[in-house]
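Line by line, the protein sequences give chains F and D.
One rule links them: number in my numbering = place in the first sequence (from 1) + 287.
One rule links them: number in my numbering = place in the second sequence (from 1) + 3.
Heads up, the beta-carbon is just placed ideally off N, CA and C, and yes, glycines get one too.
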Amino acid sequence: GESVGLHLPTLSVQEGDNSIINCAYSNSASDYFIWYKQESGKGPQFIIDIRSNMDKRQGQRVTVLLNKTVKHLSLQIAATQPGDSAVYFCAEEEWNSGGGADGLTFGKGTHLIIQP
Amino acid sequence: NAGVMQNPRHLVRRRGQEARLRCSPMKGHSHVYWYRQLPEEGLKFMVYLQKENIIDESGMPKERFSAEFPKEGPSILRIQQVVRGDSAAYFCASSPGRGMNTEAFFGQGTRLTVV
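In structure tokens:
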């Protein structure tokens, strides 16, 4: 079935370095993509989103890139800090003809570890 | 403005008992989504509700699981005759309109353990 998945389960980076977390999706009809951060014992926290009509979107220290040709999504975190340690999930949503969407499809997640 | 409130945070049930998980959406939000998360996995969509209506329950198991979002009060996810495989974290999210977007937020989850 169609799903969203991640390439690496764990990513370890030095504090201060940049990190890139990748995500592959298979639903070509997906209209909207979100990156979430989940810390241990907590719910997912919205980081950044991007719509299918965009290739790139920047936030504070984070950038999301969307390549629709190869159905690939990435999250770049600049100058990583200890507080960035968490599991990161990509999620996709398909908007229906009624102008709404019914739920997200999540990938398995990448555990980002920031080393001092 | 309080966020999405879920209770209890932790719930232990014996096999065969019933589990009731509650979710109070953010103020002004009338759309509620329930997700289940197994250890080391992503969240899996279960059900999407608006006040007094189930919009999409395509992710709900056909038996033992039910959800409601009454006109007054929180949304309830009910699991009857729980089995060990129901052990998971259950998250609720709410949004002011249809679709998960920048205005949608997740609660802290209820961790169900079936013993």
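C-beta neighbour in chain F for residue i, strict 7 Å
i: Tyr51(D); result: yes
i: Phe48(D); result: yes
i: Met29(D); result: no
i: Tyr36(D); result: yes
i: Met103(D); result: yes
i: Phe94(D); result: yes
i: Pro11(D); result: no
i: Glu55(D); result: no
i: Glu75(D); result: no
i: Glu44(D); result: yes
i: Phe72(D); result: no
Where residue i sits in the DSSP three-state scheme
i: Ala371(F); result: Rather than Ala, the amino acid found at residue 371(F) in this sequence is Asp. Of the three classes helix, strand and coil, the one that applies to Asp371(F) here is helix, per DSSP.
i: Arg87(D); result: helix
i: Leu399(F); result: strand
i: Asp304(F); result: coil
i: Lys324(F); result: strand
i: Asn309(F); result: strand
i: Glu43(D); result: coil
i: Asn354(F); result: strand
i: Lys329(F); result: coil
i: Ala92(D); result: strand
i: Gly288(F); result: At Gly288(F), the pLDDT of 33 sits below 50, so the modelled position is not reliable and the matter cannot be decided from this model.
6 Å CB neighbourhood of residue i in its chain, flanking five on each side removed
i: Leu24(D); result: Leu80, Tyr93, Thr113
i: Ala378(F); result: Ile321, Leu391, Phe393
i: Tyr36(D); result: Tyr51, Ala96
i: Gly19(D); result: Gln84
Within-7 Å CB hit, residue i to chain D
i: Phe376(F); result: yes
i: Leu391(F); result: yes
i: Pro331(F); result: yes
i: Gly288(F); result: Bear in mind that a pLDDT of 33 at Gly288(F), under 50, signals an unreliable position, so the model cannot answer this.
i: Lys395(F); result: yes
Residues that residue i bridges to, as DSSP identifies them
i: Ser97(D); result: Val35(D), Phe108(D)
i: Arg25(D); result: Asn10(D), Ile79(D)
i: Leu391(F); result: None; Leu391(F) has no bridge partner.
i: Glu381(F); result: Glu381(F) pairs with nothing; no bridge assigned.
i: Ala366(F); result: None; Ala366(F) has no bridge partner.
i: Arg16(D); result: Val117(D)
i: Ser299(F); result: Ile400(F)
Cutoff 7 Å; reference residue i; Cβ partners in own chain excluding five residues on either side
i: Ser290(F); result: Only weak support exists for where Ser290(F) lies, its pLDDT of 47 falling under 50; the value from the coordinates is given anyway. Same-chain partners within the cutoff: Ser313, Thr392.
i: Ala373(F); result: Lys324, Gln325, Glu326, Leu399
Limits of the unbroken beta strand (DSSP E) element including residue i
i: Gln9(D); result: 8–10
i: Asp336(F); result: 332–338
i: Val117(D); result: 113–117
i: Met49(D); result: 46–53
i: Glu71(D); result: 68–71
i: Asn56(D); result: 56–59
i: Arg344(F); result: 343–345
Cβ neighbours of residue i in the same chain (closer than 8 Å, five flanking residues each side left out)
i: Gln40(D); result: Leu46, Lys47, Ala91, Ala92, Tyr93, Phe94, Gly112
i: Lys343(F); result: Ile337, Thr350, Val351, Leu352, Leu353
i: Gln53(D); result: Ser33, His34, Val35, Phe72
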